[in-house]
Every structure is written in C-alpha cells, then in structure tokens.
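Trainee: Sequences listed follow chains A and B, in order. Just so you know, we're using the numbering used here here: the first sequence kicks off at 1026 and counts up by one. Just so you know, we're using the numbering used here here: the second sequence kicks off at 1026 and counts up by one. We treat Cβ as the ideally placed atom computed from N, Cα and C, and that holds for glycine. What you are looking at is a predicted structure, and each value in this text was computed from that prediction instead of being measured.
2 protein chains.
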Amino acid sequence: MYAHRTPPTLRWILTLLLCLPLLAQAAEVLPSWNDGPSRQAIVKFVEAVSTEGGKDYVKPAERIAVFDNDGTLWSEQPLYFQVLFALAEVKRMAPQHPEWKEQMPFKAVLENDQKALEAAGMRGLLEIVMATHTNMSTEAFTDNARRWLASATHPRSHKPYTEMVYQPMLELLGYLREHGFKTYIVSGGEVAFMRAFAEEVYGIPPEQVIGTTFATRFQDDEGALSIQRLPKLTHNDDGAGKPESIDAIIGRRPILAFGNSDGDLQMLQWTTAGEGLRFAGLVHHTDGEREWAYDRQSKVGRLDKALDEATEKGWTVVDMAKEWKRIYPFEQQAGNN
Amino acid sequence: MYAHRTPPTLRWILTLLLCLPLLAQAAEVLPSWNDGPSRQAIVKFVEAVSTEGGKDYVKPAERIAVFDNDGTLWSEQPLYFQVLFALAEVKRMAPQHPEWKEQMPFKAVLENDQKALEAAGMRGLLEIVMATHTNMSTEAFTDNARRWLASATHPRSHKPYTEMVYQPMLELLGYLREHGFKTYIVSGGEVAFMRAFAEEVYGIPPEQVIGTTFATRFQDDEGALSIQRLPKLTHNDDGAGKPESIDAIIGRRPILAFGNSDGDLQMLQWTTAGEGLRFAGLVHHTDGEREWAYDRQSKVGRLDKALDEATEKGWTVVDMAKEWKRIYPFEQQAGNN
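(1) Looking at E1334 (chain B): is its Cβ nearer than 9 Å to the Cβ of L1293 (chain B)?
(2) Could you check what DSSP says for M1219 (chain B) in three-state terms: helix, strand or coil?
(3) Does R1172 (chain A) have its Cβ less than 9 Å from a Cβ in chain B?
(4) Pull up the distance between the alpha-carbon of A1066 (chain B) and that of L1281 (chain B), whole angstroms please.
(5) Identify which residue in A:D1287, A:I1252, A:T1297, A:A1346 has its Cα closest to the Cα of G1313 (chain A).
(6) Below 8 Å, how does it come out for the segment 1145 to 1159 of chain B and the segment 1101 to 1115 of chain B: are there three or more Cβ pairs, yes or no?
(7) Go ahead and pull the three-state DSSP assignment for V1074 (chain A).
(8) Counting C-beta neighbours from all protein chains within 10 Å, is the total for M1026 (chain A) 16 or more, i.e. buried, or is it exposed?
(9) Use the C-beta contact count for N1285 (chain B): other C-beta atoms within 10 angstroms, 16 or more gives buried, fewer gives exposed.
(10) Beta-carbon within less than 8 Å of M1194 (chain B)'s beta-carbon, same chain only, minus the 5 sequence neighbours each way: which residues are those?
(11) Just to confirm, are V1325 (chain B) and E1127 (chain B) a CB contact at a threshold of 9 Å?
(12) Does any residue of chain A have a CB that is nearer than 9 Å to the CB of F1243 (chain B)?
(13) Compute the distance between the beta-carbons of R1220 (chain B) and T1241 (chain B), then report whether it is under 9 Å.
(14) Quick check on G1228 (chain B): buried or exposed, where buried means 16 or more other Cβ atoms within 10 Å of its Cβ?
(15) Output, in chain order, the set of chain A residues within a Cβ distance shorter than 8 Å of T1238 (chain B).
(16) By the 7 Å beta-carbon criterion, what residues does the segment 1222 to 1236 of chain B contribute toward chain A?
(17) In three-state terms, what does DSSP make of A1282 (chain A)?
(18) Counting only beta-carbon atoms, is L1328 (chain B) nearer than 9 Å to chain A?
(19) Go to R1254 (chain A), then tell me how far its beta strand (DSSP E) extends in each direction, as first and last residue.
(20) Whose C-beta lies closer than 8 Å to the C-beta of L1290 (chain A) among residues of the same chain, with five residues either side of it excluded?
(21) Scan the segment 1131 to 1160 of chain B for residues whose Cβ lies nearer than 7 Å to a Cβ of chain A and list them as they occur along the chain.
(22) Say whether the segment 1188 to 1202 of chain A touches the segment 1243 to 1252 of chain A, bearing in mind that this needs 3 or more beta-carbon pairs closer than 8 Å, one atom from each stretch.
(23) So which residues on chain B does T1163 (chain A) lean against when the C-beta distance must stay under 8 Å?
(24) Please identify the residue among B:A1145, B:G1079, B:G1061, B:I1210 whose C-alpha is closest to the C-alpha of I1271 (chain B).
(25) List the residues of chain A that Q1291 (chain B) touches, going by C-beta distances under 9 Å, in chain order.
(26) T1311 (chain B) and A1305 (chain B) - do their beta-carbons sit closer together than 9 Å?
(27) Any idea what DSSP makes of T1311 (chain A), helix, strand or coil?
(28) Considering only DSSP beta bridges, list what V1190 (chain A) is partnered with.
(29) Would you call M1189 (chain A) buried or exposed, if buried means 16 or more other Cβ atoms sit within 10 Å of its Cβ?
(30) Alpha carbon to alpha carbon, how far is A1113 (chain A) from G1301 (chain B)? Give it in angstroms, no decimals.
(31) How about P1193 (chain A): is its C-beta nearer than 9 Å to some C-beta of chain B?
(32) Grab me the residues of I1275 (chain B)'s own chain with a C-beta within less than 7 Å of its C-beta, minus the 5 sequence neighbours each way, in chain order.
(33) Between V1342 (chain A) and the rest of its own chain, which residues show a CB-CB distance below 8 Å, the 5 nearest in sequence each way excluded?
(34) Within 9 Å of any Cβ in chain B, is that where the Cβ of Q1294 (chain A) sits?
(35) Would you check if the distance between the CB atom of A1111 (chain A) and the CB atom of T1163 (chain A) is smaller than 9 Å?
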C-alpha cells in the first residue's frame, strides 16, 4: 500500500492544478463581493434563469433587470448628486439672472445659506431644479450636465461623482448582461441627467434609462430643430411611479429588481409578483467608514418599510459593510476574503 | 486559336456558375422589392453606415431605426385597425353597459349607424377609444386586443389584421436588424395595442414600441397588484409628438425613419437634421389594386406636406405599385422582376 501512495507534496500540486480552473472561474464572477448570502443568491438566481432546459429557465428577451440609481448604483450622500448639480448650476447661471440675488430660494444658494435653503423646503428645491433643468434644449442640458460631471468633485472623497459608483454593482450589471439580461435604470433621477453618464459609466444606453421627466416641445426655429424642456413635471419616477413607468416604457415585467430605499418598494413588489422565479435586492447602507450608514431615519434614501418587507418576504438585503470587499472602483482591491 | 475556344454551351455554364453566388446574395436582400430607386437607396445607406472604416460608419449602438405603424408597416384602410378594434369592443362589451343602447356615440356603433357615428366626430371616437381601452389593467387590455386580433378579419381581404402587414417592410426590418440596427415603432397607435402583436408579427419587442399613451395607476388590492389604465391621454404620438417621444424614451436621434403620412413629417425632419448620413423614407400608397391608392386628399393617412418636403429634400418615396413585388405575406410570390 505504502509504495502506491503519491508523495504529499505532489498530491498538493495535483490538487491545486485540479482546482485552478474552478478558482479562476470563481474569481471572474462578482470579484468584489464576498462569498456571502447576497452573492450566493444572485449567482443561484442567474444560473437558474439562464440554464436552458432548467425548470426556472427564462428566455433572453424576458430577462429584464431594473436598477434604481441613487444609493443603488452610486452614492447619494450628503445629498442626491443631481441636487448638488442643480445648486452648482444656480451659481454658474447667476450672472445671467441678476434677479436671483434678491430672490429666494436662489438667494440662499448664492449666499450658501443652508438654513434658508432648508426653510425653502421641497418647493424651493423644485424651483431650483426647474430653473437649472428646463427652458433649454435636451442637447444644451446634456452639455451642462456633462460639463459639471467632468469637473465637479465630491465634498468628501474629492473624486468625480462618476467615480462614486459601486464597484460590486458594476460587476453585477456586467454579470447580468453576460447572461443575456437587458439592464435598465428606473430611478427618481431626471432622465436626461442620468443619460449624460449612464452609458459611459454603467454601460447602460440612453434607451434603457427611465427616470423622472419634464414636458418637452419639438421646436422649429426656421429650420433649426430642437427638443425644448418645459418647466412642468410629467412623471415622478418614485414609489408607485416606478412600476407605472416600467409598464409604460418597457411593457413587460422585470424578473430582477434592485433598489435601496422605500421609493423602490413598489418596483420590487411588482417584479416579484410576476410568475416564475424572481429576484428582489436591496443595498443596505451599513458602512459608515467606507461609505455611509443610514436606513430608517435618513432624509435621503430612507429604508424602512422596504426593509421590513424584504425581511418578511426573504428578499436579498446586501449588507454593504460585510458583503462588499470594495465600495468604489478607485479603492485599492481589498484582500479580506 | 479555334482549338482553344471553349465550346459555347460550356461557356454559358461557367458564367452561370461564376454568377451563382452573386445571384444568391442579391436574392437574399429585400427579395420583395424591385430593384428600383428605393431599394437601391436603402441598400446604399445601410452598407455605408455599417461598413467599418468607411466615412459614413455609425457604431451599432447608434443605429436606431424608427417606423410609423399604420400605413407604414401594415394597412390602415378603410379605417385604422385600432379603431375597428374599438368599434368591435363596444359591441362585445355592450351587455355590461345597457346604458349604451341610448347613449351616443355608443348607440351609433351598436346600430351600425355610420352617419351618426361620423357626426360624433373625433370627440365621439375618443370616447369610444376611452371606453374600450381604459378602466382596466394593462394585462386585461392586452388579453382583449389579442383575442380580437386572433379572430377578427379584414372586411376586404377576409384575412386576420396581423396578416395585412407589408412583406417588403418585414424584410426591411429584418435587413436592418441583420446590420446591427435596433428597430423601433413610433406610432400614433396606442402603445399596449401595438405591443399585443408587434413582437410576434414584426419581431419588435415591447420595449421598442412607442405610441400614444394613457395615464396609469399602480394598484394594490390587498396584495393583488396591477397597472390600471385611466381614461386620460398623456401623450399623443403624432406629428411633433413623435420627436418628443423619441427624445423622452430613446434619448438619442434615429439615423433612419420611415413613415407614410403628414403625421410622420416631424419625425423625418428630426431624424435627417442630425449629423452624418441619415435616411428618411415614405411609403406612398399608389396601388389601388393590390392595396389602396391615396395621399393628399385622404382622411386616413393624409400625405401632403410630407410628400412635398420629401420631393424637395430628396427623401426616399416608395412607389408601392412600382417598387413592391408583393404587398402582403399571404400573396403568392410575384415574378415581375
């Protein structure tokens, strides 16, 4: 018997060689996710729906995946980045609007008067968004958004906002697309603002970005054509507005949805209420060190009812602190797994 | 010399053999189109934008093609098929609405009183459309549309409406997709009605169908979720409404557009006003024998201003009678080329 035994060192090498392909494969899939419950649930779901002949197989055309943006694909603290853009635009546009010096809420923005700005509330904020997002063509607005995105930096990380995206979610988007999914953004953000960077940053083309919308008007100025943005909200893509826009624009029910706040609850409900295997995920902001820690009491991205329903229904809740090796692409690859 | 000449019969055979691959290729592309100006313009455009390294090359992501539906992809006479559906639905739904017996415009429909129906005008028609298209879920409406499409037949051809589609346009849709185009419907038709058959008939998935829309409401009846359609128009996808919906939903400008009426003019203008090579096409209904012949004076699908502008700008105007070998898939393949 002894003579037939492979020497221990050689055994180790053989074992390693046999395992290498498996290790390589494992390393390719969602590398910034620890091998925790969320990663396992995702891989299990994706394999189930994309394995031909399997009982949960879904044909590629129906593999629709929808993602919230703020707090799900990129950070949303200390304020939604689009709001920071609107505030910066007020300052940039101020020379063309001398009246703003004495006119609230613009006066508060120009004087950095946070208290006055808060007092202006949602109504004041909407006024700021209207003034900086409408009464111009879609093309002109897109140029404005891109200019800001190319130069502005986040107050804490000092990185461009387009780098404040979640590396694990970028990997998830790619992993889904590799498995035949069509990935969509369905977000409360204004649609043209998100389209200004979604293709480059997330690989999501403009026609797969759904968001809050303003009325528009096709304008013909003696042959110079444009789409003008009007200061009138036509769709608020939050809460019940999400399944409504999914039905209106996609026209079929997603099989996977990911969000991070109560504003995503109806989208998750609508997705999981369809027949067959479905996936609902929530990014839970638990990492006060590398990102931010907030949920039930937060003004931005409150996660309360949806967290209860996720627990009750067994949806996947991603514990950012525990399950993500890396938060942002600019972080050095961590080795805590 | 004589000894070296190939015998005439053999020469013919050799020539034929050499030409076979060319013939086969030519036969594959748009076989129901005569080799006229329209087919040539289409092939020239598609080859120019899809030839890598060429000066007119357009990357696949930007190869967006938009098509009107009524009169462009399927017939629209004697009335828009969706209107025929709405009229049929009034009769089907009448038992649940005893009040309609005495109530215009429903009374006119139930009594086949065409004169009274015409007198009710656009307002009456809209009332009929609302009554048959809203106050139900998208799912229920889709079922109704599919039931009608599966059983109703056209008054003249006695064929199902989904067979009254243009064979040459089906080939064009396929040809574009083979060349990396994403094909969209952008039509005045109601979006859910078109989605009920667009994927099966045109190979165009629901998310690439854009049309006229009603307001909707996400409804939660003790856990039973639905999208309810409300009797309120939110977008009329005709005329200027077409570039507006293209901007809102696709978020980039098409490089090819096809229509057949003045309601498509702004979509063609918007498409061709973009930079680089663009294609604008109009289906001209010139075939009173195999289809219908109408343009400037027609109530349905009037083509007047757009015909002038097409002539002026050199857009492609398809002369249906001269350029299409076949109109409908159910016709026997014609041999007139």
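Mentor: From the atom records:
(1) yes
(2) helix
(3) no
(4) 12 Å
(5) A:A1346
(6) yes
(7) helix
(8) Below a pLDDT of 50, predicted positions are generally treated as unreliable, and M1026 (chain A), at 41, falls in that range; no measurement from the model is reported.
(9) buried
(10) F1092, T1097, L1098, F1283, V1308
(11) no
(12) yes
(13) no
(14) exposed
(15) A1273
(16) P1230, P1231, E1232, V1234
(17) strand
(18) no
(19) 1249 to 1260
(20) G1264, G1284, K1330, A1331, E1334
(21) none
(22) no
(23) D1272
(24) B:I1210
(25) F1243, D1245, L1250
(26) no
(27) strand
(28) A:W1099
(29) buried
(30) 34 Å
(31) no
(32) I1089, Y1209
(33) S1063, G1306, L1307, H1309, L1332, A1335, T1336
(34) yes
(35) no
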